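Participant: Have a look at this one.
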Amino acid sequence: MVKSILENRPALKAEIDKVAEVAGYLWQKGWAERNGGNITINITEYVDDEIRQMPAISPAYPIGTTLPSLKGCYFFCKGTNRRMRDLARWPMENGSVVRIEEDCASYVIIADNPVKPTSELAAHLSMHNQMIEHGKGYKAALHTHPIDLVALTHNPEFLKKDVLTNLLWSMIPETRAFCPKGLGIVPYKMPSSVELAEATIEALKEYDVVMWEKHGVCAVGPDIMEAFDQVDVLSKATQIYIAAKSMGYEPTGTSQEQMDELKRAFNL
């Protein structure tokens, strides 16, 4: 039996364990039906000389775009057609470690198994490329399908710029504090398309969480838990709004003055 890349690498294992934990949360919340959703994390900082010498266990696959800031980077990626509930239990059987090649336009799988990454890899790697270019220090990208947030995008009124941001900020103070950039909106585009990837990259210049109309959410953060937390607080705010509406009234929300006070208090 070939040993796992995680063996004797506790720091790397801790990051993969976080991915598995978040994958479990996504399934439990009903945000990851069948093979829905994706996770990628940049693990380059945990790579040692032994890992750099590891041979490829797959052919070189094209990314579909050239991403110069990713030269020599390593990522853990959820596998295509793999379920989040399985990633939660067996991360190294349902995901893989990939290395970006010298041409910055292709990748190879190096561990543990030749599990081909998500079909949305180009979009995810483009997000990581931008995060490196902008020096954010962000290492994780998450895509998931929160039922409540997706439902909101079926109302055209909520697709206008920052309408949802201000609504959800006003539902509970934690949303303003823990998702300080709000929620960007990307109008409907074909899943896995170049157009969707490009629109997402553009929106992430302004936001850390982006809503794909009638599809799902993309979030980025310093690690996968931080990315998940932002979606989680937005979902809680959405549930408060939906609960109030279901009881037959329009929630008042916190006032602009109260939100400004919160912004000053938390230096947002």
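Per my numbering, residue 642 is the first one in the sequence shown, and the count goes up by one each step. Cβ coordinates follow ideal geometry from the N, Cα and C atoms, glycine included. On a predicted model such as this, the values are computed, not experimentally measured, just so you know.
1) Which value, in whole angstroms, describes the spacing of the CA atoms of I698 and V660?
2) Could you tell me which residues DSSP puts in a beta bridge with T681?
3) So is T806 buried or exposed if we call it buried at 16+ other beta carbons inside 10 Å?
4) With a 10 Å radius around its C-beta and 16 neighbouring C-beta atoms as the bar for buried, classify N908 as buried or exposed.
5) Given P828, which residues of its chain have a CB within under 6 Å of its CB, disregarding the five upstream and five downstream residues?
6) Just to check my reading of the structure: A764 and I865 have Cβ atoms closer than 8 Å, yes? What is that Cβ distance to the nearest angstrom?
7) In angstroms with no decimal places, state the Cα-to-Cα distance between P863 and Y890.
8) Using the Cα positions of N796 and A868, report the straight-line distance between them to the nearest angstrom.
9) With DSSP as the reference, please indicate the residues paired to S747 in a beta bridge.
10) Answer yes or no: do T794 and M852 have a C-beta to C-beta separation smaller than 8 Å?
11) Look at the alpha carbon of R905 and the alpha carbon of K644, and state the distance between them as a whole number of angstroms.
12) Let me confirm a value: M725 is counted as buried when at least 16 other C-beta atoms fall within 10 Å, else exposed. Which label applies?
Facilitator: Reading it off the structure:
1) Using only the alpha carbons, I get a separation of about 22 Å.
2) C718 and A782
3) buried
4) By the 10 Å Cβ count, N908 comes out exposed.
5) E854
6) 16 Å between Cβ atoms; not a contact.
7) Rounded to the nearest whole angstrom, the C-alpha separation of P863 and Y890 is 38 Å.
8) 25 Å
9) P703
10) yes
11) 51 Å
12) buried
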